[in-house]
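Notes follow once the structure below has been shown.
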Amino acid sequence: MSSADSDALLVVRDLVKHFPIRRGVFRHVGSVVKAVDGVSFDLVRGETLGLVGESGCGKTSTGRLLMRLEEPTSGQIRYAGRDLGPLSGPDRKLIARDIQIVFQDPYASLSPRMTVHDIVAEPLRVQKLYGRTGSAKVDEVLESVGLRRQHASRYAHEFSGGQRQRIGIARALVLNPSVLVLDEPVSALDVSIRAQVINMLEQLQNELGLAYLFISHDLSVVRHTCDRVAVMYLGKIVETGTRPQIFTTPTHPYTQALLSAIPSPNGEGDRRERIVLRGDVPNPSDPPSGCRFRTRCWKAQDICATEEPPLLPQASEHLVACHFPQPIDVLGGEPVGRYSDAE
Amino acid sequence: MTSPLLEVKDLAVQFRTMDGTVRAVDGVSFTVDEGEILGVVGESGSGKSVTVMSMLGLIPQPPGRIVGGSVSFQGTDLLNTSKRHLNQVRGEEIGMIFQDPMTALNPVMRIGKQIAEAILIHHRRTSSSAALSRAVDLLRLVGVPQPESRVHQYPHQFSGGMRQRAMIAMAIANDPSLLIADEPTTALDVTIQAQVLDMLRRAQAETGAATIFITHDLGVVAELAERVIVMYAGRIMESGSVRTIFTSPRHPYTAGLLNSLPSLEHDTETLTPIPGSPPNLLVPTPGCPFQPRCEIGRDREICTTTRPPLVEVASGHESACHFTEEVLAR
């Protein structure tokens, strides 16, 4: 991994975030939710890395850790060669300009009491950069996300979901960042609006050379937007690789199950074998021993309960954490083997 | 030919708001045959939920108002029937599965008791112990593990997927002839959604109930339904078999939706979005509601002045567009 360090813009190593659950009158720590438990990845300038998984897998927590909206329990985040951990005060504020976030819900993430201009200008004001040029900068950014200057004096509630998400993106762009954390940026939008926002994000990336950390549970959108993908399960990355590696040679059983489970509208889904996993995602405060996926895995053996599989390379850039890795092209219709919902 | 189980004709529902009257459902007609699975797709505000809610008298009136149409179910018009008969139909002949099981289930009542209640309301002679043991059977049927002990738990002790299974158990408790599922898997994760869809399919096969499946997810419809209705701005834009609709759509809205979806199976270079945004339902349009966003109708007068009727373009395939031939040609 060290070879990639040199050209990576953002380097994340062994990132851990544990949330204590406090109980009782004395608020003693009852147990710990291991939301993010040893996550490592690199983000290169101009690329999109998809972070996928189901709710509770830690993908959003990872994004919030990068933004320092949460303090990591341990681990390292390096941006442009600098370790962000020890930074405080003005240094940290300076770095904050470079890493910005777009939230999932365009209804909850914009203040109803502020005009669009004030919403987009706020990061400039916080950074004391508004000055004389701020107003023009706001107009310029609004234009780049497809909104008009006249929109600036209106309030967020006057806009549709898609337009609100554009406002959220404009706010993230106004400080000229180089990394955008996109937390489910199109999940709350209607299907006919989604493609507009996806295309706009791609265009902005081409023009501005932005790197995206694209957090999503929608693997069709991820296939379209991402260059590389990391699949998370219960706080850990179980598989990571390039787009073709993840979508045509998925190797971790969880990735295979996830891909096979998605209903597809183009009639090709028929030839796909569905893996219907048994049970629910286990409680993250008490994850299974060994491999965390073993309780739902059809391949699980004794070793899976005793030994945690490390994330090992299968091919260049393709890492898989499984004791029995075997690539299966589930989307291409390759059979998975016998497995169905145990009742 | 036997008459359909459900026949909705020219249903129109309006909501009176501070800003004016919203035409949420604007002349919707469709039928459901016994035992078939009908998918209803549309984006938020397209009127898909209001259509079924108003059929069952479940929209609050006021502000809602059913201004026209008829809903014939097993020979009676549900819009003009006694409250008592409607209560009898709901839950016994028509089972309902809602999107969010956490708000649809009673949080302070044990799961088993809630399912038993659904049975006892319609079968007064059944003993409560018999109803409870039927609840256990139903939970087993929908794949809840250890149903004997789970039946005594409260909704918060169930995971999201398990709660939705309990909802399905409740909906099929009285062996209904029609099941209505309103976005039943939208709040669930993909792997859990796969389990619940699998279960719904099995429950449907087991009971033989016709099913109306409302969703915004075209993939889910393709997977589950035989026939599909595409709604937009309170109207039906297109209807037909799932295969035809998804492979040769004859309405520009359906075609636009399919073009704007990224594919899971293939790398797509560029997505072609539908321009603009859905119309404001406060402003009535004499023509086609999709016209402002439509490639074909944007500069055509007829599309702004005349509402296109839903016409048959092939056997069992209807489209509400003045230029269905052009959609095919594109």
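The listed protein sequences derive, respectively, from chains A and B. If you count by our numbering, then the first sequence holds residues 1 to 343, one letter each, in order. If you count by our numbering, then the second sequence holds residues 344 to 673, one letter each, in order. Beta carbons: idealized from backbone N, C-alpha and C, even for Gly.
>> So for Ser591/B, helix, strand or coil by DSSP?
In response: For Ser591/B, the secondary structure class from DSSP, reduced to helix, strand or coil, is coil.
>> Counting only C-beta atoms, is Gly269/A closer than 8 Å to chain B at any point?
In response: A caution first: Gly269/A carries a pLDDT of 49, below 50, which makes its placement in the model unreliable, though a value can still be read off. At least one chain B Cβ lies under 8 Å of Gly269/A.
> Taking Cβ-Cβ distances below 9 Å as the criterion, which residues of the region 149–162 of chain A are in contact with chain B?
Replying inline: Taking 9 Å as the Cβ-Cβ cut-off against chain B, the residues of the region 149–162 of chain A that qualify are Ser160, Gly161, Gly162.
> So is Val276/A in contact with chain B if we call contact Cβ pairs under 8 Å?
Replying inline: Chain B has a Cβ within less than 8 Å of the Cβ of Val276/A.
>> Could you compute how far the alpha carbon of Val375/B sits from the alpha carbon of Ala512/B?
In response: Approximately 22 Å between the Cα atoms of the pair.
>> Let me confirm a value: Thr306/A is counted as buried when at least 16 other C-beta atoms fall within 10 Å, else exposed. Which label applies?
In response: Exposed, because fewer than 16 other Cβ atoms sit within 10 Å of the Cβ of Thr306/A.
> Just checking my contact of Thr251/A with Pro325/A at CB under 8 Å: how many whole Å lie between their CB atoms?
Replying inline: Yes, Thr251/A and Pro325/A are in contact; Cβ-Cβ is about 5 Å, under 8 Å.
> What residues are listed by DSSP as bridge partners for Ser135/A?
Replying inline: Listed as beta-bridge partners of Ser135/A by DSSP are no residues whatsoever.
>> Using a Cβ-Cβ distance cut-off of 8 Å, determine whether Gly411/B contacts chain A.
In response: Chain A contact via Cβ: absent.
> Is there contact between the region 138–148 of chain A and the region 101–108 of chain A, where contact requires at least three CB pairs shorter than 8 Å?
Replying inline: Note that the region 138–148 of chain A does not touch the region 101–108 of chain A; fewer than 3 beta-carbon pairs, one per stretch, sit closer than 8 Å.
> How about Val32/A and Met232/A: do their beta carbons lie closer than 8 Å?
Replying inline: In this structure, Val32/A lies away from Met232/A, with their beta-carbon atoms at least 8 Å apart.
>> I'd like the span of the alpha helix (DSSP H) that includes Gln457/B, first residue to last.
In response: Element bounds for Gln457/B: 454–465.
> What residues are listed by DSSP as bridge partners for His224/A?
Replying inline: Under DSSP, His224/A forms no beta bridge with any residue.
>> Within the continuous alpha helix (DSSP H) that includes Thr248/A, where are the two ends?
In response: Looking at the DSSP string, the run of the alpha helix (DSSP H) that includes Thr248/A is 243–248.
> Relative to chain B, which residues along the region 215–247 of chain A have a C-beta separation below 9 Å, given in chain order?
Replying inline: Identification of residues in the region 215–247 of chain A having a C-beta nearer than 9 Å to some C-beta of chain B yields His217, Asp218, Leu219, Ser220, Val221, Val222, Arg223, His224, Thr225, Arg243, Pro244, Phe247, given in sequence order.
>> Rounded to whole angstroms, what is the Cα-Cα separation between Gly577/B and Thr628/B?
In response: So the two alpha carbons sit approximately 12 Å from each other.
> Which chain A residues sit within Cβ distance under 8 Å of Leu600/B?
Replying inline: Going along chain A in sequence order, the residues near Leu600/B (Cβ under 8 Å) are Val191, Ser192.
> Would a C-beta distance cut-off of 8 Å place Thr615/B and Val563/B closer than the cut-off?
Replying inline: No. Outside cutoff.
> Do three or more CB pairs link the region 480–500 of chain B to the region 403–413 of chain B at distances below 8 Å?
Replying inline: The count of Cβ pairs closer than 8 Å, one atom from the region 480–500 of chain B and one from the region 403–413 of chain B, stays below three, leaving the stretches out of contact.
> If you draw a straight line from the alpha carbon of Ser192/A to that of Asp480/B, how long is it in whole angstroms?
Replying inline: Cα to Cα, the separation comes out at about 42 Å.
> How should Gly269/A be labelled, buried or exposed, when 16 other C-beta atoms within 10 angstroms of its C-beta is the threshold for buried?
Replying inline: Note that Gly269/A has pLDDT 49, beneath the 50 cutoff, so the model's placement of it is unreliable and no number is given.
> Taking only beta-carbon atoms, is Leu748/B less than 8 Å away from chain A?
Replying inline: For residue 748/B there is no data in the structure shown, the boundaries of chain B being 344 and 673.
> For Ala108/A, which residues in chain B fall below 8 Å Cβ to Cβ?
Replying inline: Those within 8 Å of Ala108/A in chain B number zero; the least Cβ separation is about 16 Å.
>> Short of 6 Å in beta carbon distance, which residues of its chain neighbour Ile437/B, apart from the five on each side in sequence? Order them along the chain.
In response: Excluding sequence neighbours, Ile437/B sits near Pro519, Leu521.
> Ser662/B: buried (16+ other C-beta within 10 angstroms of its C-beta) or exposed?
Replying inline: Residue environment for Ser662/B: buried (at least 16 other C-beta atoms within 10 angstroms of its C-beta).
>> Going by beta-carbon coordinates alone, are Arg506/B and Met445/B separated by less than 8 Å?
In response: The answer is yes: Cβ separation under 8 Å.
> Under a Cβ-count criterion, where at least 16 other Cβ atoms within 10 Å of its own Cβ denotes burial, should Tyr107/A be classed as buried or exposed?
Replying inline: So Tyr107/A ends up on the exposed side.
> By the 10 Å Cβ neighbour count, where 16 or more other Cβ atoms means buried, how is Gln301/A classified, buried or exposed?
Replying inline: It is exposed - the Cβ of Gln301/A has fewer than 16 other Cβ atoms within 10 Å.
> Would you say His499/B faces chain A, with C-beta separation under 8 Å as the test?
Replying inline: No - not a single Cβ of chain A is within 8 Å of the one on His499/B.
>> Please return the same chain residues whose Cβ sits closer than 8 Å to the Cβ of His465/B, not counting the five positions on each side in sequence.
In response: Cβ within range, chain order: Gln431, Gly434, Glu435, Asn517.
>> Determine, for Gly577/B, whether the minimum Cβ-Cβ distance to residues of chain A falls below 8 Å.
In response: Chain A contact via Cβ: absent.
> Could you give the residue range of the beta strand (DSSP E) that holds Glu581/B?
Replying inline: 578–584 is the span of the beta strand (DSSP E), which, as asked, contains Glu581/B.
> Can you list, in chain order, the residues of its chain whose CB lies under 7 Å from that of Met67/A, leaving out five sequence neighbours each side?
Replying inline: Here the set comprises Ile99, Ile101, Val181.
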